[in-house]
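Numbering (the UniProt record's numbering), first residue to last: 1 to 176.
Note that the Cβ used here is the ideal one computed from N, Cα and C, for glycine as well.
Shown next, in structure tokens, is the structure this report addresses.
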């Protein structure tokens, strides 16, 4: 049960690609992108979020037992940091990045979500083999629900001060 609770918390923080609409205006404004450039970044986000082959290979390769989820989660955390940290540095103006590099950053950041999903879902299925459908459903819906909650919160906060809150939205997306 404790693994399921920990997995639920991890899944709650793994939905940052669902919040792209929150931080995309800050990305667009700070980098001077037009809509087609932003669409390219979003395309690489979708590829990263939906191509979970690497996380599956890592989970299959890692020794089974208590260490497997940690190996997959650490790889996901490394990808998340390698993707979102340079994007945040580019948005704040510390280290501007050209569009192709920004697409690579977004691909890495979104790919991290598949590592979190793989570690959590595999662990939940191993712990609850007779309730596979239920735990998979819980694990897959949590990032979306939390992301929707963050978007609602951001929308209520950003209405009065649109420009200042774009950076807050990008920070919330990075935190997720």
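- Comparing alpha carbon positions, the residue from 41, 35, 60 and 32 closest to residue 100 is 41.
- Burial is judged here by how many other beta carbons sit within 10 angstroms of a residue's own beta carbon; residue 39 has fewer than 16 and is exposed.
- Taking C-beta atoms as the reference points, residue 84 and residue 51 fail to come closer than 8 Å.
- In the three-state DSSP reduction, residue 94 falls in the coil class, being neither helix nor strand.
- When DSSP states are grouped into helix, strand and coil, residue 129 belongs to the helix group.
- Less than 8 Å divides the Cβ of residue 59 from the Cβ of residue 72.
- For residue 75, the closest of 130, 125, 140 and 56 by C-alpha to C-alpha distance is 56.
- Relative to the Cα of residue 45, the nearest Cα in the group 87, 93 and 133 belongs to 87.
- Classified as buried, residue 68 has 16 or more neighbouring CB atoms from the shown chains inside 10 Å of its CB.
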